[in-house]
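Please read the structure below before turning to the comments.
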Amino acid sequence: MLLLVTVVFANNFLNARMAENEFSAVKQFMQTVGLQIDDVAWTIGRTQTVSYSSKFGQVNFESSALNYTVYVNGTTYFASYTTGIILFNMPVSKYSLGNNYYESLHPSNRSFLQAGTSAPVSRVYVMEKLPMNDGNFIRIVVAPIIRVMNSTIFTGQESVNYFKFYLPILSSGSHPRYSQSITLRGSNVSVKSQSGVTSVKIEVSFPKESIGFDSDFFNFENQTVYVNVPSGSIIEFYTGEVIVSLGLHV
């Protein structure tokens, strides 16, 4: 009996270490996915497939999990965009860091608006939030966020300020799960612009908060962000649709 108990303990300990190591490796994989989204979102037809290896977890896609609404010049409605998210789910029975555990992977801050040419358009983080409708998991999340870049163009005697916003829109593809892989395909690029802008406000909301994908799950720094723009600026809001397919290739 003592030998049996020892063997069971050793096996459980080994599985726990394997799950921990696997989760650590998938952190890097999901950061790669975030970078690949930026790579394909702005070129129609561009496709990237990234593979992972997991014994204890699985990648899922959750459609229409985030909504961004943009207002200009105070409260004037400009546009609204809804996007899905990508998740790696590992059961807490295999690996757990405790309920409400949170860890930023990239970027280090929690804002949904990032400034600069090298700013990310995906936020990658770890979240363990229990319970949720789809099960009890510790998760690595890839959530689309917004990049903003500004420039000033001089035309004769006047200067014009441009603010360009970029947001990938993740849409569901097919999910045959022939393999442990994610395929990302750039499907469409759109832009909406407006001149004479004096202010920009962006709000994030959570269409699936009733099933647990709420403000606590996403843990953004703020749910409303104001962008200071010089009076008379031109804004351009680019969206790139990315079709997400799981296990598309053998």
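In this note's numbering, the protein residues as written are -8 to 241. Yeah, the Cβ is synthetic: ideal placement off N, Cα and C, and Gly gets one too.
Taking the alpha helix (DSSP H) that residue i belongs to, which residues open and close that run?
i: Lys196; result: A quick correction: the sequence has Ser, not Lys, at residue 196. Unbroken run through Ser196 is the beta strand (DSSP E), Val191 to Ser196; no alpha helix (DSSP H).
i: Asp207; result: Ser206 to Phe209
Pull up the DSSP beta-bridge partners for residue i, would you.
i: Ala106; result: Val139
i: Gly231; result: Pro159 and Val180
i: Ala134; result: Arg114
i: Asn80; result: Gln49 and Arg130
i: Tyr92; result: Glu119
i: Leu237; result: Ile173
i: Asn152; result: Thr143
Cβ of residue i within 9 Å of Cβ of residue j?
i: Gly75; j: Ser54; result: yes
i: Gly238; j: Phe128; result: no
i: Leu175; j: Gln19; result: no
i: Val17; j: Tyr43; result: yes
i: Ser52; j: Ser163; result: It is Phe, not Ser, that sits at residue 52 in the sequence shown. The answer is yes: Cβ separation under 9 Å.
i: Arg130; j: Pro111; result: no
Using a 10 Å radius around the Cβ and a threshold of 16 neighbouring Cβ atoms, would you call residue i buried or exposed?
i: Leu(-7); result: Its pLDDT being 47, under 50, Leu(-7) is placed unreliably by the model, and nothing is read from it.
i: Lys46; result: exposed
i: Val(-4); result: Reliability fails at Val(-4), whose pLDDT of 48 lies under 50, so the model's placement of it is uncertain and no value is given.
i: Pro198; result: exposed
i: Val182; result: exposed
i: Gly177; result: buried
i: Ser236; result: buried
i: Thr230; result: buried
i: Phe145; result: exposed
i: Glu94; result: exposed
i: Ser113; result: buried
In terms of residue numbering, what span does the beta strand (DSSP E) encompassing residue i cover?
i: Ser42; result: Thr38 to Ser42
i: Phe47; result: Careful: Phe47 lies outside any beta strand (DSSP E) and carries neither H nor E.
i: Tyr217; result: Thr215 to Val218
Exercise for the section: May I ask you to verify whether the region 61 to 68 touches the region 93 to 107, counting CB pairs closer than 8 Å and requiring at least 3? Expected result: no
Point to revise | the region 24 to 39 touching the region 187 to 202, judged by at least three CB pairs closer than 8 Å | key: no
Practice problem: Report yes or no: do the region 205 to 214 and the region 150 to 164 share at least 3 C-beta pairs separated by less than 8 Å? | Solution: With the cut-off at 8 Å, the region 205 to 214 and the region 150 to 164 do not touch.
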